[in-house]
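When you line the sequence shown up against UniProt numbering, it's residues 1 to 381, in that order. The C-beta atom is built at its ideal place from N, Cα and C for all residues, glycine as well. Right, one structure below, let's go through it.
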Amino acid sequence: MDLFEYQGKKFFSAYGIPTSEGDVTENVEEAVSIARRVGFPAVVKAQVQVGGRGKAGGIRLVGTEDEAREAASAILGMDIKGHLVRRVWIEHASDIAKEYYVSVTLDRGAKDHLIMVSSQGGVEIEEVAASNPDAIKRLHVNPIDGLKEAEAKKIVVEAAIDEAAQAGVVDVLLKLYRAYVEGDADLVEINPLILTTSGKVHALDAKVTLDDNAAFRHPEWDEFRATQELDGREKLAKEKHLNYIGLEGSVGIIANGAGLAMSTLDVVNQVGGKAANFLDLGGGAGADVMAAALEVINTDENVRSVLINVFGGITRCDQVAKGIVDALSRVDIKSPLVVRLDGTNAQEGRKILEDFKSEKVVVEATMIGAARRAVELAGKE
1 MDLFEYQGKK
11 FFSAYGIPTS
21 EGDVTENVEE
31 AVSIARRVGF
41 PAVVKAQVQV
51 GGRGKAGGIR
61 LVGTEDEARE
71 AASAILGMDI
81 KGHLVRRVWI
91 EHASDIAKEY
101 YVSVTLDRGA
111 KDHLIMVSSQ
121 GGVEIEEVAA
131 SNPDAIKRLH
141 VNPIDGLKEA
151 EAKKIVVEAA
161 IDEAAQAGVV
171 DVLLKLYRAY
181 VEGDADLVEI
191 NPLILTTSGK
201 VHALDAKVTL
211 DDNAAFRHPE
221 WDEFRATQEL
231 DGREKLAKEK
241 HLNYIGLEGS
251 VGIIANGAGL
261 AMSTLDVVNQ
271 VGGKAANFLD
281 LGGGAGADVM
291 AAALEVINTD
301 ENVRSVLINV
311 FGGITRCDQV
321 AKGIVDALSR
331 VDIKSPLVVR
341 LDGTNAQEGR
351 KILEDFKSEK
361 VVVEATMIGA
371 ARRAVELAGK
381 E
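This is the structure in structure tokens:
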């Protein structure tokens, strides 16, 4: 679950991370009132879960009530990369001396937590990684050992953080790591973390992704969940209890298991296509689940073909095939299906699908062959 900036700042504040004083609103006149309360100059910031707000005109510095009213009126209702601005956050403007970057996330490959620190904050970290990768310092932390103060100090010095800010950045980094672990986050990022002209260090922005699997431990997340903005596909998938993420390609993906689904996305990309989604059926691929998956993918107007990639372990391929056949009678499929079955009872599953092979149902023996066929069909008018 991705949080908006104002929610991320509330999350950070619970762990003692200093943030700018401010408030959020959906109303222009209330925005003026908040700006008056926090004091001018103030900053009016669009609340959307996408980068590039500043370049799009979604962040404005204001010095008077009239300017605050004009800025809030312009930003509320703005479209930023397909995201409609429904709320603005207003905070007192900070006197910035330096901008830094800090984050904590999970490095699945290393099976450790990963801390990143850079003295080049204020721009997207991907730009820094591309132009000057040495400017980003990385530290892997064993989850059992946790982050020690000496380690935090070491990476802060290695990242060339200004001496005047080092103590403050170390303090924030220790608290950020605690927020990441105790707060059950997948990602906590501050960009920029600033040093003010008065020598204070605090978070000017907040990017937080929470682990939905830990929601049972956090009843306080209900207020965050109430503001989540899902597109139609993701909303329907959530209602049907499917693991689904919408993407922008033309090949719909259905697989059993997150690893296989990710691999399928990679293979589609490898053969020149682009996936329209990530959809993991999990352990069940019966008729109800398959019908639900096809219904969700069917709502995506960009989908031109659907690749069903199933490896039978505990899941039997003949049951998957029966599920597909049954689902076809329930859902009016707009796009051709390419089915690849392998593993337990794969031969029996392919035999079941034989009677249903057509321009709308194509069976392929291999993963690469299925991906090529799906991409080919997606490219046809």
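- Per the DSSP secondary-structure output, Leu114 pairs in a beta bridge with Thr105 and His140.
- By the Cβ criterion, the segment 253-272 is not in contact with the segment 213-223, since fewer than three pairs of Cβ atoms, one from each stretch, lie closer than 8 Å.
- Within the segment 213-275, the beta strand (DSSP E) runs of at least 3 residues that lie entirely inside it are, in chain order, 243-246 and 251-255.
- The beta carbon of Val267 is closer than 7 Å to those of Met367, Ile368 and Ala371 in its chain, skipping five residues each way along the sequence.
- Taking C-beta separations shorter than 7 Å and ignoring five residues to either side along the sequence, the partners of Ala261 in its chain run Ile253, Ala255, Phe278, Leu279 and Asp280, following chain order.
- Judged by beta-carbon spacing, Gly58 lies beyond the 7 Å limit of Ile34, meaning their Cβ atoms are not closer than that value.
- Taking C-beta atoms as the reference points, Val62 and Ala56 fail to come closer than 7 Å.
- Straight-line spacing of the CA atoms in Glu189 and Val104 works out to 7 Å.
- Assignment of Val331 by DSSP, reduced to helix, strand and coil, places it in the coil class.
- For Phe311, the uninterrupted beta strand (DSSP E) run begins and ends at Ser305 to Gly312, by DSSP.
- A buried status is given to His113, since no fewer than 16 other beta-carbon atoms sit within 10 Å of its beta-carbon.
- For Ala56, there is no enclosing alpha helix (DSSP H), since its DSSP letter is neither H nor E.
- Arg86 and Ala203 have their C-alpha atoms spaced approximately 23 Å apart.
- Per DSSP, the continuous alpha helix (DSSP H) segment holding Ala371 begins and ends at Met367 to Gly379.
- Using a Cβ distance threshold of 7 Å, Val375 and Gly272 count as a contacting pair.
- With respect to Ala275, Val251 sits close: the two C-beta atoms are nearer than 7 Å.
- Looking from the CA of Gly199, the closest CA among Gly183, Ile90, Val170 and Ala165 belongs to Ala165.
- Each residue's CA atom was taken as its position, placing Glu126 and Thr25 some 31 Å apart.
- Looking at the DSSP output, Tyr100 bridges to Leu193.
- The beta carbons of Val306 and Leu337 sit closer together than 7 Å.
- In the assembly as shown, Asp145 is an exposed residue. Its beta-carbon has fewer than 16 other beta-carbons within 10 Å.
- Within the same chain, Ile34 and Ile90 come within 7 Å of Asp23 by CB-CB distance, once the 5 residues on both sides are set aside.
- Pairing Ser94 with Ala159 gives a Cβ-Cβ distance that is not under 7 Å.
- In the three-state DSSP reduction, Arg36 falls in the helix class (H, G or I).
- When secondary structure is reduced to three states using DSSP, Glu124 falls in the coil class, being assigned neither helix nor strand.
- Setting aside the 5 residues that flank it on each side, Met116 is surrounded in the same chain by Ser103, Ile136 and Arg138, each with a C-beta closer than 6 Å to its C-beta; the list follows chain order.
- Assignment of Lys175 by DSSP, reduced to helix, strand and coil, places it in the helix class.
- Residue nearest to Gly16 within the set Gly51, Leu176 and Ile155 is Leu176 (criterion: CA-CA distance).
- Taking C-beta separations shorter than 7 Å and ignoring five residues to either side along the sequence, the partners of Gly8 in its chain run Ala206, Lys207 and Val208, following chain order.
- A distance of 7 Å or more separates the beta carbons of Val289 and Ile308.
- Rounded to whole angstroms, the Cβ separation of Leu195 and Ala97 is 5 Å, and the two are in contact under 8 Å.
- By the 16-neighbour rule on beta-carbons within 10 angstroms, Asn27 is exposed.
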